[in-house]
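Working notes, beginning with the structure itself.
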Amino acid sequence: MIDKKIKQKITKNTLILEIAERYPKLVELLVEKYGLHCLGCSMSVVETLEEGAMGYGMSKKEIEKMVLELNKEASRGDLKRSKKSGK
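One point on numbering: in the numbering used here, the residue at position 67 of the sequence shown is 67, and numbering is uninterrupted.
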């Protein structure tokens, strides 16, 4: 279940390339922690996070946890930017 305090920006249906473009700091997490090396693959343009993760053998439960963590990290980055810009 997604924490209601965190606005969900990334879903299992988000394209892998879109995550990399919007949140470049999450690329390391996807590759190092979750083993999603498909970021450099041409399929990342049309493949969703769920499709890529399932291709690497992740379960639905593991994907849910990954999405939660990605959203937490994305929100932290947004919070840092907001504080710097004074918003």
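Note that beta-carbon positions come from the ideal geometry of N, C-alpha and C, so glycine has one too.
With a 10 Å radius around the Cβ and a threshold of 16 neighbouring Cβ atoms, glycine 52 comes out buried. Leucine 15 sits in a strand when the DSSP states are folded into three classes. For valine 67 against isoleucine 10, the beta-carbon gap comes to about 6 Å, under 8 Å, which counts as contact. Counting only residues of its own chain and dropping the five nearest sequence neighbours on each side, lysine 12 has a CB closer than 6 Å to the CB of Leu49, Glu50, Ile63 and Val67.
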